[in-house]
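Read the structure below first, then the notes.
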Amino acid sequence: MASRRDFLKLTGACGLALGLPEELLARIAEVQDPLQAYPERAWEDFYRKEFAATRGDAVGYAFHCSNCQGNCAFHVFAKDGMVTREEQLAQYPQISPSIPDPNPRGCNKGTIHSQAMYEKDRLLYPLKRAGRRGSGKWKRISWDQAIGEIAEKTVETIARHGPAGVMLYVGTGILSQGRRAGPLRLGSLMGAIRLYPSSAVGDMFTGATLAYGIPNVGTSLDAWFEMDYIVLWSFNPNVTRIPDAHYLWEAKWRGAKIVVISPDYNPTAIHADRWIPIQPGSDSFLAMSLVHVVLAEKLYKEDFIREQTDLPFLVREDDGRLLRLADLRQGGRDDVFYCWDEATGKAAPMPGTRGHIRKSLRLGALKPALTGRFEVAGADGKPIPVTTVFEKVRAEAQKFSPEATQKHTGIHPGVVRQLAREYAAAHDPGLTIGFSLHKYAWGVLACWAQALFCALTGHDVVDTEHQWSLGGIGPLASPKPSRFSSGFLGEWFSGRMSETFRRHYPAKEFANRTGLTPDGLVQLAERSRADKWLANYGEPRVRILFADNMFRRNKSSEHYKKTVLDATELYVNVNFRMDSSAELADYVLPAISHYEGWDIRGEVGYHRYVNLTVPPKGLKPIGETKSEWEICRLLAERIEAAAGRRGLGRIPDPAFTVERDGKKEPLTRDLDTLHADFTMQGKLGNDKDVVKWLIENVPAFQPWKFEDAVERGFIVLNSNAGLTSPLYADKPYRSFEEQFYLKRPYPTLSGRQQFCIDQEVFAKLGCTVPTAREALHPSRFPLKYYSPHTRWGIHSTWRTSKYMLRLQRGVPHLNLNPADAAKRGIKDGDTVRVFNDVGEFRTMAKILPGVRPGTLMMDHAWEPHQFARRRGMDAPVAGLLSPLELAGGWGHLRFGAEWDGNQLAYESSVEVAKA
């Protein structure tokens, strides 16, 4: 077992134990011309020996499976059982001579983990709380005691409350198919609650789902190199896509024009051809003004939008709903839709819709009208006045001319027109948005309008966070249905965030901007749960969290923390370090980190390489850490035993049914065989077995063999990895080739890119087609507060590392415009108080001209324990929901991986003053 003392001795040996040659300093010679060769070269051998010592006596492979979409392969070196350094693998094959080499990949966070894994916050032993929660008082206990006591309480809770009494949740600290498999599989077998992580952290691209039926679309990032006009909207790849950013600047060297749209002058904007500073939260207005220009100047591609979108579909003028077969024929389907056929002068069903017999977008002899007003005979024989979605979109866009939107966006009309014209005229443009956009209430509308802008110009789709299709994982990760729950809605109810929402958002102001009163939003959330538009299974009594910093990332953090902990009888945190959420636990279980166990990751769609973690031979465990798979295996074994002692074997779970002999029966949770089921009857005994199973069973990983993958450290995905297009071996990936070229329907209700949603919430709020709404920042506090992704950590992972802190101020700090600072008498380096009617925190002020006046920007993910009184940066962020994201039960808007909302982070207002 390795200790920190061993590590310090080892790293010291890399330098001091090599010994300085006695004559080295004595042989210093004066050099007249430093450009010429130095006469004395003995020092070179010293550094060679020091470097060689860090490369150790064993080597393995690894990546960093935290919530980073880079997924970069590294060599990991170890000496005497301890990791000494890592290096970028840099052995990925180039896909084509015409596309730049993908190597080396990696960033500042990955290259310091060999040090961070031995820092003082590393968890070494199982701990049990010995005082009140959060007091910092702990008792070291054995694994046997920890697992036994947790299992007993879990079974007791299931006996009293059923499987819904337990939450077993793996957060975004682990985003790999290997290490996530253990918690997912155990929770699935038990029927435990599992929140949707992307929703809980606000990373859903709901606007893309409205348009395309799926949230994660776009390209692999090497496609940037082929583009000639690139728009980066709320996206800062020089900070958040470090391994891939080179494709941008290589494209610029090749002649591409790069435009950055962001509130602040960020490290990507510095190198762009144009920076367009936008008011925070006004993105829907800019997107609609771009649509306005394209329509007004007729820059749209008629053939594309007739075939690929629902813009030719007919809409009833009496109630605003799409015209359906059910409107024209008694008992007709409600998923067959119509256009006006210019060839016949009649309404005709559009092929490719969900209910149409012909599953193709090909129009054949149809010539759908884009404009006009018509009449059709209803099922009762009465005339129904209709028009087209295109007409409805055009009428809405008329409201958002560049002149009209300038007061919201702060962007000159000439800039908007130039952007729209250049994008429409480009040969191969791309519009990529970042995760920040949907952390605003109307990010859903902004993204939907961006998709409309792309569709009108006939240029691909808005690029969100493309992911690969890795079929075959289900039998491993989800052998039975779990209580998969809405992330943002679950956190809203668990943290009673409606209380801080009502406090922060004035009723009249909120109603004017949304069309709902605050009470109306709260009631809509209740209805969404009651009508099962979004899944919520109530409040768990037991929370077992793997790699999730729940009490750091949630908004209204002080209120959330108290509310959730008061309702939780047992809270277990499985972690590799003592983060702000582990500090509050009843039990802390020490897990491995990125270099210490077997793992595999391949879903990230920014490149095509699937990385493995293969620990160096002889690597010693750090303390008594265990892999997530082993921890879950032990829990399964002890839960089965505890259930047996209580006489609990097979528990009916009426929330789910199975069909036996033609009859539906409740699914059973088989606690009496839980351990055997978890290990696949002994086939999966450890994390290495899991990685081997994945390589053998995921079609996109074929024809790679386990032994070959282990020898190389990565594998290359095959064509099956593409979701809506093939993944070609020699070309960057681009979504929707199946729709563009093979004419297969989109996974939407219309079978096309959809820009009319007549679901009742959308209709009530006047949002049945893309539109714009004002940001919700309360006006009674003067500064709009937002917190973009940091360069110095992957969320809170590595945020406390001394190596990362040395690259910045060393302590949490906010960024304030000089004019706002001067008005308040604040100087650079002052300690300031950030506050509103929800909460407050104290931090250092950094004066930054690149931040807009009237805003307060602070890089995200600082740990609460880095602040005075442990009040973190989310304390003043009020609870808030986007009303459109609460909708459901309609077409392709049904809860699941493709449709869930976002926990919002950027709509609160604050004041700042010297502390």
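The numbering of the sequence shown is our numbering, which starts it at 140 and goes up by one. All C-beta atoms, glycine included, are put in the ideal place defined by N, C-alpha and C. Being a predicted model, the structure only gives us computed values, none of them experimental.
Rounded straight-line distance, which links the Cα of Ile415 to that of Ile409:
Going by the C-alpha atoms only, they are around 11 Å apart.
Counting along the chain, where does the beta strand (DSSP E) carrying Asn836 start and finish?
Where Asn836 is concerned, there is no enclosing beta strand (DSSP E), although the alpha helix (DSSP H) it sits in stretches over 826-836.
So, with DSSP's three-state summary, where would you put Leu155?
Low per-residue confidence applies at Leu155: pLDDT is 42, beneath 50, and the placement is therefore not dependable enough to give any value.
Per DSSP, what kind of secondary structure is Ala165 in: helix, strand or coil?
For Ala165, the predicted structure reports a pLDDT of 49, less than 50, and the residue's modelled location is therefore unreliable. A value from the coordinates is still provided. Helix.
Have a look at Arg187, Pro402, Leu323 and flag the residue whose alpha-carbon is nearest the alpha-carbon of Glu767.
Comparing alpha-carbon positions, the option among Arg187, Pro402, Leu323 lying closest to Glu767 turns out to be Leu323.
If we ignore side chains and look at the alpha-carbon of each, how far apart do Gln662 and Trp363 end up?
44 Å
With DSSP as the reference, label Pro160 as helix, strand or coil.
Reliability of the predicted coordinates at Pro160 is poor, the pLDDT of 46 falling under 50, and the value obtained from them is presented with this limitation in mind. Looking at Pro160 - three-state DSSP - the assignment turns out to be coil, as it is neither helix nor strand.
Looking only at its own chain, which residues have a Cβ that is under 7 Å from the Cβ of Val990, when we skip the five neighbours before and after it?
Within the same chain, and ignoring the five residues on either side of Val990 in sequence, the residues whose Cβ sits closer than 7 Å to its Cβ are Asp403, Asn954, Leu955, Asn956, Met996.
Going along the chain, which unbroken runs of the beta strand (DSSP E) with 3 or more residues stay wholly within the segment 175-214?
197-201
So does the segment 524-539 actually touch the segment 456-464, counting three or more Cβ pairs closer than 8 Å?
Verdict: yes, contact present.
Would you decide whether Ser327 is buried or exposed? Buried here means 16 or more other CB atoms lie within 10 Å of its CB.
buried
Given Val753, which residues of its chain have a CB within under 8 Å of its CB, disregarding the five upstream and five downstream residues?
Gly199, Tyr200, Ala201, Trp737, Val849, Gly852
Would you say the segment 869-879 touches the segment 354-362, given that touching needs at least three Cβ pairs under 8 Å?
yes
Near Asn714, which residues of its chain fall below 7 Å by C-beta distance, leaving aside the five closest residues on each side in sequence?
Leu262, Ala686, Ala721, Val727, Ala730
Runs of 3 residues minimum, wholly inside the segment 324-349: which ones carry the beta strand (DSSP E) assignment?
332-334
Based on Cα-Cα distance, which residue from Ser1048, Val681, Pro988, Glu1024 lies nearest to Glu83?
Nothing in the structure corresponds to residue 83, since the chain is present only between 140 and 1054.
Is the distance from the Cβ of Arg652 to the Cβ of Glu913 below 8 Å?
yes
Looking only at C-alpha atoms, which of Gly494, Ala564, Ala504, Ile683 sits nearest to Thr483?
Per the Cα distances, Ala504.
Would you decide whether Leu164 is buried or exposed? Buried here means 16 or more other CB atoms lie within 10 Å of its CB.
Caution is warranted here: a pLDDT of 45 is assigned to Leu164, below 50, making its placement in the model unreliable, and the coordinate value is therefore given only provisionally. Under this definition Leu164 is an exposed residue.
Residues bridged to Thr250 [DSSP beta-bridge criterion]:
Thr250 is not bridged to any residue.
Would you grab the beta carbon distance between Gly491 and Ser499 for me? Rounded to a whole angstrom, and I think it's under 8 Å.
6 Å
When you compare each of Glu258, Ile234, Ile280, Val215 to Thr250 by their alpha carbons, which one comes out closest?
Val215
Pairwise C-alpha distance: Glu763 and Ala212:
26 Å
Only counting the same chain, and skipping five residues up and downstream in sequence, which positions put a Cβ closer than 6 Å to that of Phe649?
Pro657
Between Gly677 and Leu1043, what straight-line distance do the alpha-carbon atoms span, to the nearest angstrom?
Each residue's Cα considered, the two are about 21 Å apart.
Return the residue from the list Gln898, Ser935, His551 that minimises the CA-CA distance to Ala1026.
Measuring C-alpha to C-alpha distances from Ala1026 to each of Gln898, Ser935, His551 identifies Gln898 as the nearest.
Just verifying my parser: in three-state terms, what is the DSSP assignment at Lys694?
coil
For Glu876, decide whether its Cβ has a neighbour in chain C, counting only Cβ atoms nearer than 8 Å.
Checking the listed chains, one finds no chain C in this structure; it contains a single protein chain.
Taking one C-beta from the segment 423-440 and one from the segment 552-563 each time, how about it: are there three or more such pairs within less than 8 Å?
Touching, yes, given that three or more Cβ pairs across the two stretches are closer than 8 Å.
When you compare each of Arg930, Ala588, Gln447, Met983 to His952 by their alpha carbons, which one comes out closest?
Met983
Per-residue DSSP class, three states only, for Ala664
helix
Beta-carbon gap between Asp422 and Tyr186 smaller than 8 Å
no
Sufficient close CB pairs (3 or more, under 8 Å) joining the segment 335-352 to the segment 581-597
yes
Return the first residue and the last residue of the alpha helix (DSSP H) that Arg445 is part of.
441-447
Pick helix, strand or coil for Asp361, following the three-state DSSP scheme.
helix
Could you tell me if Leu946 is buried or exposed, where buried requires 16 or more neighbouring beta carbons within 10 angstroms of its beta carbon?
exposed
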